[in-house]
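Worksheet: one structure, shown below.
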Amino acid sequence: MEQQEPASAGTPRSARRAKGASAPVTTVAREIVFPQGLVGCPDWRRFHLAPEPFETCGELVSLDHPGVSLMVADPAWLGIEYQFELDEDDGEALHLERAEDARLFCILTLHREPPAIVANLAGPLIINWPEGVGRQVILDHLAYPLRAPVIAGEAARAVIEALTAADEASPADPSHAALAPTKGA
489 MEQQEPASAG TPRSARRAKG ASAPVTTVAR EIVFPQGLVG CPDWRRFHLA
539 PEPFETCGEL VSLDHPGVSL MVADPAWLGI EYQFELDEDD GEALHLERAE
589 DARLFCILTL HREPPAIVAN LAGPLIINWP EGVGRQVILD HLAYPLRAPV
639 IAGEAARAVI EALTAADEAS PADPSHAALA PTKGA
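Just so you know, we're using the working numbering here: the sequence shown kicks off at 489 and counts up by one.
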């Protein structure tokens, strides 16, 4: 993110600008709190952000609801050009003082049949990384789709199988909330 001059008294414009950053999601697990919860799930507030086998994505595992987890990725790692302005309420809720403290993630949905991975660009997650506080924002324009294609076909199948195998090897999280059911299941 780029540092800019203040947009209004008390709220630096840099803290209100969100842009994907090319950095690994995380190399160690950490707790992230979403005080308002996630859109549609206001009681999903406390998560453990765990790294995945691929450094481009991570897994938000609910600490409040066992079995609930979401795959997330930095959109820059997905090759997605992504930039928007945070409104003043979002910037204040995140307590952002420096733009470089913000991390941007999109939620991924994995579809088994037909195999595809899509990213929710309409409802990104912004995290104040040093404080471990996050907020899901809803973009009020049509520039970013709810289901942006990331990968499809056999390449998607290979990634989904690798993620499933990693989950089966880890007894801590038995399921992915973001893994769409297979047809006929």
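Cβ atoms here follow ideal geometry from the backbone N, Cα and C, with glycine treated the same way.
Query raised in the report: Looking only at C-alpha atoms, which of R534, L526, A590 sits nearest to N616?
Result: A590
Query raised in the report: Which of helix, strand or coil does DSSP assign to L627?
Result: coil
Query raised in the report: What are the uninterrupted segments assigned as alpha helix (DSSP H) that are 4 or more residues long and contained completely in the region 554 to 598, given in chain order?
Result: 576 to 582
Report task. Go ahead and label E547 buried or exposed: buried means 16 or more other beta carbons lie within 10 angstroms of its beta carbon, across all protein chains shown. Result -> buried
**Report entry** Nearest-angstrom Cβ-Cβ length linking V625 and D578, presumed shorter than 8 Å
**Finding:** 5 Å
**Report entry** Buried/exposed call for A644, threshold 16 Cβ in 10 Å
**Finding:** buried
Requested in this report: Taking G641 and P603 to be in contact with their CB atoms under 8 Å, please state how far apart those CB atoms are, rounded to whole angstroms.
Outcome: 6 Å
Report task. Just mark R623 as buried or exposed, buried being the case when its beta carbon has 16 or more other beta carbons within 10 Å. Result -> buried
Requested in this report: Classify G549 as helix, strand or coil using the three-state DSSP reduction.
Outcome: It should be pointed out that residue 549 corresponds to Val in this sequence rather than to Gly. In the structure shown, V549 sits in a strand (DSSP, three-state: E or B).
Report task. Return the chain-ordered list of same chain residues with a C-beta closer than 6 Å to the C-beta of R518, the five sequence neighbours on each side being excluded. Result -> L537
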